[in-house]
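Since the structure comes first, as structure tokens, the remarks are kept for the end.
2 protein chains.
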Amino acid sequence: MPDDLKRVLGPARRLSRLLGVVCALGLLCTGAGADEGMWTFDHFPSATVGSRYGFAPEAAWLDRIRNSAIRLTSGCSASIVSKDGLVLTNHHCVVRCAHALSSPQHDLVAEGFTAAGRSEEKLCPGMQAEIVSSISDVTDEVQAAIKAAGDMDIIKARNAAMVSVEDRSCHGEAQTRCQVVSLYKGGQYKIYKYRKYSDVRLVFAPEFSVSFFGGDPDNFNFPRYCLDSAFVRLYENGQPASTPTHLAWRRSAPAPGELVFVAGNPGSTSRLDTVAQLVQVRDWRLPIRQLLLSELRGRLIEFSQRGAEQNRIAADTLFLVENAFKALYGRERALLDPELFGQKADQERELRAKVAADPKLAAATADPWADIAQATALYQQMFLPHRFLEVGAGSGSELYRYARALVRAGAERGKPSAERLPEYSDSKLALLQKEVFDARPIYPDLERIELQTWLSKTREYLTVGNALVQHLLGSQSPEELTDRLVQGTRLADPKVRKVLWEGGQAAIDASDDVLIRFVAAHDADARAVRLRVEQQVEGPVTRAEERIARARFAIYGDSVYPDATFTLRLSYGRVDGWTYEGGTVAPFTNFAGLYDRATGAEPYRLPQRWLDAKAKLDLSTPLDVSTTNDIIGGNSGSPLIDAQGRVVGAIFDGNIHSLGGDFGYDGRTNRSIAVLTPAISAALHHVYGLPALADELEAEAQ
Amino acid sequence: MPDDLKRVLGPARRLSRLLGVVCALGLLCTGAGADEGMWTFDHFPSATVGSRYGFAPEAAWLDRIRNSAIRLTSGCSASIVSKDGLVLTNHHCVVRCAHALSSPQHDLVAEGFTAAGRSEEKLCPGMQAEIVSSISDVTDEVQAAIKAAGDMDIIKARNAAMVSVEDRSCHGEAQTRCQVVSLYKGGQYKIYKYRKYSDVRLVFAPEFSVSFFGGDPDNFNFPRYCLDSAFVRLYENGQPASTPTHLAWRRSAPAPGELVFVAGNPGSTSRLDTVAQLVQVRDWRLPIRQLLLSELRGRLIEFSQRGAEQNRIAADTLFLVENAFKALYGRERALLDPELFGQKADQERELRAKVAADPKLAAATADPWADIAQATALYQQMFLPHRFLEVGAGSGSELYRYARALVRAGAERGKPSAERLPEYSDSKLALLQKEVFDARPIYPDLERIELQTWLSKTREYLTVGNALVQHLLGSQSPEELTDRLVQGTRLADPKVRKVLWEGGQAAIDASDDVLIRFVAAHDADARAVRLRVEQQVEGPVTRAEERIARARFAIYGDSVYPDATFTLRLSYGRVDGWTYEGGTVAPFTNFAGLYDRATGAEPYRLPQRWLDAKAKLDLSTPLDVSTTNDIIGGNSGSPLIDAQGRVVGAIFDGNIHSLGGDFGYDGRTNRSIAVLTPAISAALHHVYGLPALADELEAEAQ
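Listed below in structure tokens is the structure:
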């Protein structure tokens, strides 16, 4: 999943001057063959790739890839693969869409979805696709605002500066979205302009049992046998979008060792975090999040077993929870690995020593590591309320999310854009409104499970005597309150949400909806906790990180890549397996392996049409591949691209060794996993009988 | 709960020579007032108590307490409180009994149980009560066996020596149980002889909602308002046992600051563990156990919400899981506290420095810390299979436990006692047979939840390609296999179990019971993992720990207490609250506070008869108390005793600060929590209308 798939990589630099950089940034300095890095398109190391692989991408090549690369606001990546707006992504990137379009009679997750023609393609609720159209530097403006701010107003000033740039840059452009991104932890700020498509329709999704063949047990493992692919289409004015710039479809699999690129939107990494920050993640954030996920998982599993309909209702949520759990488990294990943690500490020591060795730099830098450690210690006292009341409030409840969006949008829209909570600034409202307005089914049992879990865990971790908890629950139990909210609210109806949205603060004030009133009643508490964290933690950390970034630029130059930020990046690598503890894993699987592994017991049960189609398929067709590309959650759905710029697959996972990719990249074992175009084509032809879709893909295929 | 309630304490020694000892063993050396220590009766620091509190217990006093103190094999402590075998313990120590005696029509956990007369007292399945009758030292014999053993046979030789002593010591004594205990991590071995009572009957249990008032949110917190008390009675030959030696019942509460003792069986502590061992606990054992508990908890909560009967069925299991989770959470947080962990490291460094400073001692000691670190690193590779296939096999499934006991008893009883797995040696068989034979209800849904959880987590953590997993599951899913086992087995019937037990190996071999066959099929795998751990980890650790113990005795003398071993200990302390972060907590609560806290919402809903009885109760009656005694899980039910040897309460919990008690004791904040005798008496008189029971208690009351 977006935030949770985990993998990473780095450049095998020949220049000895830069080896120190790679080692300072990378996880393990193996010296040879580390294809590390999630590079921005305006700073791609073409020369390095050329010297290493014999092909150095030029500007025109990079532009074409960039213009074909899609960001899905649901947290995934994708690519345009036909002139009529057809988009390739992963099945798991459309699973929420397929789930939302399902009913007790038609389970599109289990049964798959095939649009017989374009008129049957179905709107994915809440989904928006975005293509980068320009990137400009706005570092000076944002950093100046931070510098001028009072100590308690750093985040407020930074957000206001970012929002001003965004609102100004997209003013009057209805089809454009503008977003300022902090790169290198405040070392740079850039404004990304996107062409946006708000009408995205589902074209094709295979059955979950073949797209996620092997289920949770095989997740993050390899050899793997998943057709984790799907197609959506971009629409404009009710018609398929015209997309003359797109990737050509390659009919054949890449060769072992072949150079391949991944263009996509890695969500988030922590490779530049200080040791104090990593300790906080290791000892608090990860363990507590995993405990919460585990209990939620148990509730969902038991609920699923009540019957077929309950199983259908919970399927995509359970998938997301299990995927997140497994990714976080790998992340925690990486931080608990003394070797990895020791290297992170060594890297920090090295950077600090270099700073100390340069008196002028040392004076300008001061001790941001100590500042961060102090702020992190302070955060410890706010972590639980911040987690439960603000960032994780409502857990996964859709109804709660609607209610909070409505309550806060009502309050915020009455202020000037730059003074709002930044997620309600003018440039953000269009997408938020779409998410609130789009119809999707609400399942009271899932809402019950999510809200009960959130309320009972909030009480547990903050303790029953805590004033915030007493304000939240009053004298009610989490179970009583949940029942009252889920049964009483009318927010499941998109018409009700639309009226409340359009009525603004007055409508919210006048609403007697029980969930609106509940959210409104504790919103001040949640905002207060957030403000305290922003003022006392995030503010000092922002200033400290900027000083570390400057020091890093001064010492290592700017030929390094920033941490992932769910913005467009390009990684390079090669088709390759790996060797671990004496065992070697080959980089390809094929259809024969899929059928061999299909025991008939869950999660190794193939759909009937796959069993029926076996004789028609060439069983030697390559299915999945492992490559050395450096990726992470958010890259799901990214095109795997060859040197000719053709799409040859879609990234859908990383191997188990990539799970520490949040913190660094080990070129020896970290691998990304993709589903290959020949397998997708064969499935469309021989399993799903979709020649028109296959023809559209293969029109320009080579 | 037995294994999981967590608290600890230590002696405020005046002798400066010993201050180092206390600091080396204690958690935080506050210097003043640390009532630390879980002392053995044959080494109780009477002089210290005398100098500190003005009362030094003499041998006769200690003997009377020892002879009145009960160990319940279910994992709790208790005390005899009348001449007719009446025993006071906690409600949570009989909750499994009350649950086993319940039906859909009569929920003895929710409704409570009051025997109208002795003829209505009901056998608690599987429960045995034990009173220490003698303790003898057998260190030389066991240590000699360890010394003589080959490197791969250390555990085998140690177990054989222990079993030989046990079998010999109890030979021909049907009412006696003998058990060799390793104290000071192999520094001493002692044989404990117990008078055992295998017929223990439930006399009185209040409603769960008042015994565990405040539920999980209030658990391990204080102020607290629980009547966590219950009575059982020892029977001999079908008649109440004659128990002339017992504790007198004190009518009044102890005074603030008053000296109090706790006699009970603390289950296990890790205060003498090396840093390498603590790291393993912190980074592996605790986090993984908590994740498993969290998922199981989620399953049980969701199952409970299906209906009233499901809620009844899951209630005691859910309580045990939540209690364990909260205790482990506190334990993990303690180890993640840099201050506490730093102190443990300092203590180890100090001990090692003292050893190194004495050339002769250094030569004899060598480097056991390195040996343990090496063994612990090796254990890392075996930890998951050992956890899932051997020590945690079957999770909490009752049926699985029966099946394994039958399969292994069948195989082991064919060998000489000293060559068996030690839990099947002659001295252990009587209790095991009782547990297998006693009837108790089996709930297929609970079995399904436990077995599914175990099998699916085994597959998850060992991974699907693991040979052990493939052997366990074959091509079945955990869900399919579970259904087949739960639906197919006949082991829920005690008659079936009796036939299989009595038929021995031949009956097991001939059985076509699906669960017997399943357990028999993977028993060799489980034994192999166990043997590997014993040979490569436990053996070297046993020898290393013995050397550390010798070094410790050489440096600190033997005036220290051993880690807890679920054997009888005496702790001393005083009635006291505590101060933390500026807030002071008073040591007493009363009935008025109970009624004030009863909002009517779960878990603050009092039984109707408590609401009805309010006017009859003196609301100023003391209910619960906090004291400085050093206790830990297993101490639940222990009598709180005054200097006159009268029982004044029953320990049922520790405060939240005591949860790190596994690793040390902080006299500033660690507190044990007890329910007081005046509250119990008042409840029997005015709420439950049980004058005969109250009279029996108060016959000799003072």
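Which chain is which? The protein sequence lines are A and B, in order.
Count the first sequence with the working numbering and you get residues 1 to 702, in order.
Count the second sequence with the working numbering and you get residues 1001 to 1702, in order.
By construction, the Cβ of each residue, glycine as well, lies at the ideal position given by its N, Cα and C atoms.
For residue 93 (chain A), the secondary structure class from DSSP, reduced to helix, strand or coil, is helix.
Closest by C-alpha distance to residue 1425 (chain B), out of B:1044, B:1160, B:1126, is B:1160. Listed as beta-bridge partners of residue 1430 (chain B) by DSSP are no residues whatsoever.
Residue environment for residue 1471 (chain B): exposed (fewer than 16 other C-beta atoms within 10 angstroms of its C-beta).
Under the 8 Å criterion on CB atoms, residue 291 (chain A) is classed as interfacial with respect to chain B. By the criterion of at least three beta-carbon pairs nearer than 8 Å, the stretch 71-80 of chain A is in contact with the stretch 123-140 of chain A. In this structure, residue 1194 (chain B) sits near residue 1133 (chain B), with a CB-CB distance shorter than 8 Å. The contact set of residue 1313 (chain B) on chain A, defined by CB atoms closer than 8 Å, is empty, because the minimum CB distance reaches about 13 Å. Taking 8 Å as the Cβ-Cβ cut-off, the stretch 468-498 of chain A approaches chain B at 475, 476, 477, 479, 480, given in chain order. For the pair residue 1403 (chain B) and residue 1491 (chain B), the CB atoms are nearer than the 8 Å cut-off. From the beta-carbon of residue 392 (chain A), no residue of chain B is found nearer than 7 Å; the closest lies around 16 Å away. Relative to residue 1315 (chain B), the option among B:1107, B:1181, B:1506 whose CA is nearest is B:1107. For the stretch 1277-1308 of chain B, the residues whose beta carbon sits under 7 Å from a beta carbon of chain A are, in order, 1283, 1287, 1290, 1291, 1294, 1295, 1296, 1297, 1298, 1299, 1301, 1302, 1303. Of A:682, A:557, A:583, A:560, the smallest CA-CA separation from residue 617 (chain A) is found for A:682. Take the alpha-carbon of residue 690 (chain A) and the one of residue 251 (chain A): they are about 16 Å apart. Between the stretch 361-375 of chain A and the stretch 275-295 of chain A, the count of C-beta pairs closer than 8 Å reaches three or more; the two stretches touch. The C-beta distance from residue 1155 (chain B) to residue 1628 (chain B) rounds to 38 Å, too long to meet the 8 Å contact threshold.
Residue 1232 (chain B) is bridged by DSSP to B:1087, B:1202. Burial of residue 1253 (chain B) is indicated by the presence of at least 16 other C-beta atoms within 10 angstroms of its C-beta.
A residue is called buried when at least 16 other Cβ atoms come within 10 angstroms of its Cβ; residue 391 (chain A) does not meet this threshold and is exposed. For the pair residue 1349 (chain B) and residue 1102 (chain B), the CB atoms are not nearer than the 8 Å cut-off.
With fewer than 16 neighbouring CB atoms inside 10 Å of its own CB, residue 612 (chain A) falls in the exposed class. Chain-ordered listing is empty here: chain A has no CB closer than 9 Å to the CB of residue 1274 (chain B), the nearest sitting near 16 Å. Segment contact: the stretch 196-215 of chain A against the stretch 43-60 of chain A, fewer than three CB-CB distances shorter than 8 Å; contact not assigned.
Under DSSP, residue 1197 (chain B) takes part in a beta bridge, and its partners are B:1129. Nearest to residue 261 (chain A) by alpha-carbon distance, out of A:686, A:442, A:559, A:646, is A:646.
Distance between residue 1085 (chain B) and residue 330 (chain A), taken at the CA atoms: about 55 Å. Straight-line measurement puts the Cα of residue 1221 (chain B) at about 6 Å from the Cα of residue 1656 (chain B).
If you ignore the 5 residues before and after residue 479 (chain A), its C-beta comes within less than 7 Å of the C-beta of 452, all in its own chain and listed in chain order.
At a cut-off of 8 Å between beta carbons, residue 579 (chain A) makes no contact with chain B. Here residue 1173 (chain B) carries a coil assignment [DSSP, helix/strand/coil]. A Cβ-Cβ contact shorter than 8 Å links residue 83 (chain A) with residue 243 (chain A). In the structure shown, residue 633 (chain A) adopts coil according to DSSP, grouped into three states.
In terms of beta-carbon proximity, residue 653 (chain A) stays away from the interface with chain B, with every pair separated by 8 Å or more. Sequence-distant Cβ neighbours of residue 1245 (chain B) in its own chain, meaning closer than 8 Å and more than five residues away, are 1064, 1067, 1068, 1080.
Taking C-beta atoms as the reference points, residue 1248 (chain B) and residue 1701 (chain B) count as a pair closer than 8 Å.
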